[in-house]
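Residue numbers (the working numbering), protein chains in the order written: chain W, 3 to 346; chain V, 2 to 525.
Note that beta-carbon positions come from the ideal geometry of N, C-alpha and C, so glycine has one too.
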């Protein structure tokens, strides 16, 4: 497992560098921040002084070298807009986004597992059709519209929750409810599909014939095998949220990284933008590793175990043999089906 | 054996799930990057005045107070200037300076108010006034107010005694007191080499804390030299969405919301006020068809300003004939708005075509996305009306940074087509010099072209005082409309504040840039 992690970290370092260089170069191609930070009637001397003060008068390669030098010293530069440390601004905003993303995903996954599994019990039944309609709708509603309607209904008309802000537990309701919709809708579809397919597998019939309770059949056998596609999609959805739920953060005044990033882009606040991108890139990289580990926990076929390595080495020492050292899905399914009853 | 494996698989999964749930539960009430106790929120006591702004101030540095988002919080609330311009009458009034005079319009003597204290308890003296001016105008800090009001020239400063200051401009400057009204006074100890995010001022409210990303809190300053404000505490929050700011007013979560429009569903709680902003089209005469003055006149005749104001802006705005609204020195009440005469526009285009002008050459109407309410609809109406007149207009919607490359010199030269820029100009200084110097002179930062005659008229106006100054600027505006026609003016705009039923406040033309909290009272 450690060597697997080491390989992943090394493999991810290059994309991180490319992302940082890309953001650095692209941001600078979008215009000179002097126009945004100086009064419109600023003189040429003032513009030159601004550029010199912020190192923008240097050739782009020199600026880039200075930036990378700074990163190595953990100095990400200073915000043009606020004069504060860029890394500090990004790090202060990020936890608020993570909280929002985690809460949203936990609720979305739990709801989707319940609704998706229930729908899969009787494909094309009433429950299935209803869940299909609800999930499709949930996945298609634009955040912006939902947020504004939510404010109108729950904050203004009913007065149950505040319109926006971060004060009190009630302030979580609208942002989370708005954000949950899309992941919920998408995951219900995925889990329902995977469950329908899992429930038709022979090992389920075997489990039922051995007298396992329906709860056990679904929870222990079907759901476990249907979880992998759900995990993949949930991972992608989480990555999207960790990147900053820009619309929701903007509307509800949530002090997260999405809002900070979009403000930095509009204000050409390069240092903050770069710090935000680097931070989210690292977070997404960590998240991807966690998802891979989650895979390994769910599915022994993708687990890089010591035993498998030893077998591969031994086989390599014996010379080429016919067949594969990987379990085929059928073999794995059969072996699980054979093992499962013993677990009951 | 198998049972153990199954359990061991289950444990990490269960652990992960409960860790995630635990985090969520723990985070259920408090958001990172926020401190609840400090914030006003919906349960704020009635002695707290709650204001919701469009955006978080980038800084509260006093020498950046001409930035709208900074000034709206600090000006005349946290900090105060030496001299203050009355936004309604346009007159200069005493604040931390009680009187000022000059014999030659070059050296000005200011008498300072005695008995004024800074929020840190220190006394305000001439040393603080000198340090404030020196820091904002003469230092290398790169203050926004320096570029906006003073330019490259430094001021010579002298402490005559503890409460008298002498300020000498590089050349004659009859409006130096007006320029000084942009400087918010800070103590002499304030760093002259670094900007300060949280200033110490002399204003009716002192800054308590700033929760970055969330709110700013202030409280009434007990030793304030003037009348004590009615609300003991003030809380600023910000929401970029207008409808959310409006909802905060209607749901009682905030008392004052800035930057609203009627589309935000604010209803009767929206109070409109003239905000000194004027919308106009700037035509660049370096390319056909704008190199022909007949086409520039045709544009003015082709746009139905009255209908635009009535249908898009509910009749609140006012059709404009010049770049400054009434209340600004130099505004001419007698200058007529170009009449809407589509036939005349067509005739002028035909005349220009007959004289050899390429009237089919493309015109790029450059517009900044979301600069003000309904800007896109306005641009589409203009595009349609100019097309009716026989011109070819392409609409180019750009975000702020890109739009600025068209707004300020040097202008793009490789543009495929003639440039027509939609500009929104606000003259908060109250004197037309701040407008015409940059919008109408041949080399003005925001002027596409000019004429030597107009430059001369502007130079004369800049140097004159009193009634002569008013008359001279009126002449400048008339000359632009008759002989230069760089602009097609659209409308003088209005702003809108949301004001809850629990407070009383009468907005004025500067409320968007300088929201004086001390003037807000509890509703009777």
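**Asked** I think residue 98 of chain V touches residue 112 of chain V, with their Cβ atoms under 8 Å apart; what is that distance to the nearest whole Å?
**Response** Position 97 of the second chain, counted from the start, is the residue given in the question as residue 98 of chain V. Position 111 of the second chain, counted from the start, is the residue given in the question as residue 112 of chain V. Correct: roughly 6 Å between the Cβ atoms.
**Request:** Just confirm the distance between the C-beta atoms of residue 398 of chain V and residue 370 of chain V, as a whole number of angstroms; I'd bet it's less than 8 Å.
**Result:** Counting from 1 along the second chain, the entry for residue 398 of chain V is found at position 397. Counting from 1 along the second chain, the entry for residue 370 of chain V is found at position 369. Rounded, the Cβ-Cβ distance is 5 Å, consistent with contact.
**Prompt:** By how many angstroms is the C-alpha of residue 117 of chain V removed from the C-alpha of residue 226 of chain V?
**Reply:** Residue mapping note: residue 226 of chain V aligns to position 225 of the second chain, counting from 1. Residue mapping note: residue 117 of chain V aligns to position 116 of the second chain, counting from 1. Each residue's alpha carbon lies about 6 Å from the other.
**Prompt:** What residues from the segment 155-189 of chain W come within 8 Å of chain V, judged by C-beta to C-beta, listed N to C?
**Reply:** 157, 158, 161, 164, 165, 166, 167, 168, 169, 170, 171, 173, 174
**Asked** Beta-carbon separation of residue 441 of chain V and residue 367 of chain V under 9 Å?
**Response** In the second chain, the residue the question calls residue 441 of chain V occupies position 440. In the second chain, the residue the question calls residue 367 of chain V occupies position 366. No, the pair does not count as a contact, with Cβ atoms beyond the cut-off.
**Item:** Contact set between residue 201 of chain W and chain V, taken where Cβ atoms lie within less than 7 Å
**Value:** Locating residue 201 of chain W in the first chain gives position 199, where the first residue counts as 1. Per Cβ cutoff of 7 Å: no residues; residue 201 of chain W is ~20 Å from chain V at best.
**Asked** For residue 253 of chain W, which residues in chain V fall below 7 Å Cβ to Cβ?
**Response** Taking the first residue of the first chain as position 1, residue 253 of chain W is located at position 251. Those are 242, 245, listed as they occur along chain V.
**Request:** Measure how close the beta-carbons of residue 200 of chain V and residue 50 of chain V come, nearest whole angstrom, since I'm counting them as under 8 Å.
**Result:** If you number the second chain from 1, residue 200 of chain V lands on position 199. If you number the second chain from 1, residue 50 of chain V lands on position 49. With 8 Å as the limit, residue 200 of chain V and residue 50 of chain V do not qualify as a contact, their Cβ atoms being about 20 Å apart.
**Prompt:** Counting only beta-carbon atoms, is residue 100 of chain W nearer than 9 Å to chain V?
**Reply:** Here residue 100 of chain W refers to the residue found at position 98 of the first chain. Yes, contact with chain V.
**Closest Cα partner of residue 417 of chain V within the set V:101, V:83, V:395** = Looking up residue 417 of chain V in the second chain gives position 416. Among V:101, V:83, V:395, the Cα nearest to that of residue 417 of chain V is on V:395.
**Request:** Have a look at residue 197 of chain V and residue 406 of chain V and give me their C-alpha separation to the nearest angstrom.
**Result:** Numbered from its first residue, the second chain carries residue 197 of chain V at position 196. Numbered from its first residue, the second chain carries residue 406 of chain V at position 405. So the two alpha carbons sit approximately 30 Å from each other.
**Prompt:** For the segment 31-61 of chain W, which residues have a beta carbon sitting closer than 7 Å to at least one beta carbon of chain V?
**Reply:** 32, 33, 37, 38, 40, 41, 42, 43, 44, 45, 47, 48, 51, 52, 55
**Short CB-CB distance (under 9 Å) between residue 415 of chain V and chain W** = The residue you call residue 415 of chain V lines up with position 414 of the second chain. Cβ-Cβ to chain W under 9 Å: no for residue 415 of chain V.
**Request:** Starting from the Cα of residue 80 of chain V, find the closest Cα among V:204, V:436, V:434 and give me that residue.
**Result:** Your numbering for residue 80 of chain V matches position 79 in the second chain. The shortest Cα separation from residue 80 of chain V among V:204, V:436, V:434 belongs to V:204.
**Request:** Find the nearest neighbour of residue 52 of chain V within the set V:238, V:341, V:291, judged by alpha-carbon distance.
**Result:** Along the second chain, read from residue 1 onward, the residue named residue 52 of chain V stands at position 51. Nearest C-alpha to residue 52 of chain V: V:238.
**Asked** Got a sec? Which residues, its chain only, sit under 6 Å from residue 390 of chain V by beta carbon, not counting five neighbours each side?
**Response** Start at 1 with the first residue of the second chain, and residue 390 of chain V comes out as number 389. If we look at residue 390 of chain V and ignore the five residues flanking it on each side, its Cβ neighbours are 299, 303, 346, 347, 350.
**Prompt:** Which two residues bound the contiguous alpha helix (DSSP H) that contains residue 183 of chain W?
**Reply:** Looking up residue 183 of chain W in the first chain gives position 181. Looking at the DSSP string, the run of the alpha helix (DSSP H) that includes residue 183 of chain W is 175-201.
**Prompt:** Along chain V, in chain order, which residues have C-beta atoms closer than 7 Å to that of residue 150 of chain W?
**Reply:** Within the first chain, the letter at position 148 stands for residue 150 of chain W. Under the 7 Å cutoff, chain V gives 244.
**Asked** What are the start and end residues of each continuous beta strand (DSSP E) run of 3 or more residues lying completely inside the segment 231-263 of chain V, in chain order?
**Response** 234-239
**Same chain, Cβ closer than 8 Å to residue 170 of chain W, neighbours up to 5 away in sequence not counted** = Within the first chain, the letter at position 168 stands for residue 170 of chain W. Only 164 meet the Cβ criterion.
**Asked** Helix or strand or just coil, what does DSSP make of residue 145 of chain V?
**Response** Locating residue 145 of chain V in the second chain gives position 144, where the first residue counts as 1. Note: residue 145 of chain V maps to helix in three-state DSSP.
**Request:** Could you please tell me which residues of the segment 75-97 of chain W, in chain order, have their CB closer than 7 Å to any CB of chain V?
**Result:** 83, 84, 85, 94, 95, 97
**Asked** Is it true that the CB of residue 516 of chain V sits closer than 9 Å to the CB of residue 436 of chain V?
**Response** Counting from 1 along the second chain, the entry for residue 436 of chain V is found at position 435. Counting from 1 along the second chain, the entry for residue 516 of chain V is found at position 515. Their beta carbons are not under 9 Å apart, which means residue 436 of chain V does not touch residue 516 of chain V by this criterion.
**Prompt:** If we cut at 9 Å on Cβ distances, does residue 455 of chain V have a partner in chain W?
**Reply:** As a first step, residue 455 of chain V is located in the second chain; it is residue number 454 there, counting from the start. It does not; no Cβ of chain W falls within 9 Å.
**Request:** Return helix, strand or coil for residue 505 of chain V, following the three-state DSSP convention.
**Result:** Here the question's residue 505 of chain V lines up with position 504 in the second chain. Of the three classes helix, strand and coil, the one that applies to residue 505 of chain V here is strand, per DSSP.
**Request:** Spatial neighbours of residue 72 of chain W within its chain, please: CB distance less than 8 Å, with the 5 preceding and 5 following residues excluded, ordered by chain position.
**Result:** Taking the first chain and counting its residues from 1, one reaches residue 72 of chain W at position 70. Same-chain partners within the cutoff: 78, 79.
**Prompt:** Rounded to whole angstroms, how far is the Cβ of residue 250 of chain W from the Cβ of residue 149 of chain W, which I believe are closer than 8 Å?
**Reply:** As a first step, residue 250 of chain W must be located in the first chain, where it is residue number 248. As a first step, residue 149 of chain W must be located in the first chain, where it is residue number 147. Between residue 149 of chain W and residue 250 of chain W the Cβ distance is about 6 Å, and since that is below 8 Å, they are a contact.
**Prompt:** Who are residue 168 of chain V's beta bridge partners in DSSP?
**Reply:** Position 167 of the second chain, counted from the start, is the residue given in the question as residue 168 of chain V. V:109, V:158.
**Asked** According to the Cβ coordinates, are residue 33 of chain V and residue 156 of chain W closer than 9 Å?
**Response** Position 32 of the second chain, counting from 1, holds the residue named residue 33 of chain V. Position 154 of the first chain, counting from 1, holds the residue named residue 156 of chain W. Result no, Cβ atoms of residue 33 of chain V and residue 156 of chain W do not sit closer than 9 Å.
**Message:** Is the beta carbon of residue 156 of chain V closer than 9 Å to that of residue 129 of chain V?
**Reply:** As a first step, residue 129 of chain V is located in the second chain; it is residue number 128 there, counting from the start. As a first step, residue 156 of chain V is located in the second chain; it is residue number 155 there, counting from the start. No.
**Message:** Is residue 147 of chain W close to chain V? Criterion is C-beta to C-beta, closer than 9 Å.
**Reply:** The sequence position of residue 147 of chain W within the first chain is 145, counting from 1. No, its Cβ sits nowhere closer than 9 Å to a Cβ of chain V.
**Asked** Okay, do the segment 502-521 of chain V and the segment 252-264 of chain V touch, 3+ Cβ pairs below 8 Å being the bar?
**Response** yes
**Span separating the alpha-carbon of residue 287 of chain V from that of residue 105 of chain V** = Residue 287 of chain V sits at position 286 when you count from the first residue of the second chain. Residue 105 of chain V sits at position 104 when you count from the first residue of the second chain. Computed Cα separation, rounded: 41 Å.
**Message:** Do residue 153 of chain W and residue 353 of chain V count as a contact pair if the criterion is CB distance below 9 Å?
**Reply:** For this step, residue 353 of chain V is matched to residue 352 along the second chain. For this step, residue 153 of chain W is matched to residue 151 along the first chain. Not a contact, by the Cβ cut-off of 9 Å.
**Message:** Rounding to the nearest angstrom, what Cα-Cα distance links residue 19 of chain W and residue 280 of chain W in this structure?
**Reply:** What you label residue 19 of chain W is simply residue 17 of the first chain in a count that begins at 1. What you label residue 280 of chain W is simply residue 278 of the first chain in a count that begins at 1. Near 9 Å, if we compare the C-alpha coordinates of residue 280 of chain W and residue 19 of chain W.
**Prompt:** Using a Cβ-Cβ cut-off of 7 Å (strictly less than) and excluding sequence neighbours within five positions of residue 122 of chain W, which residues of its own chain qualify?
**Reply:** Along the first chain, one-based indexing puts residue 122 of chain W at 120. Within the same chain, residue 122 of chain W has close Cβ partners 194, 197, 198, 201.
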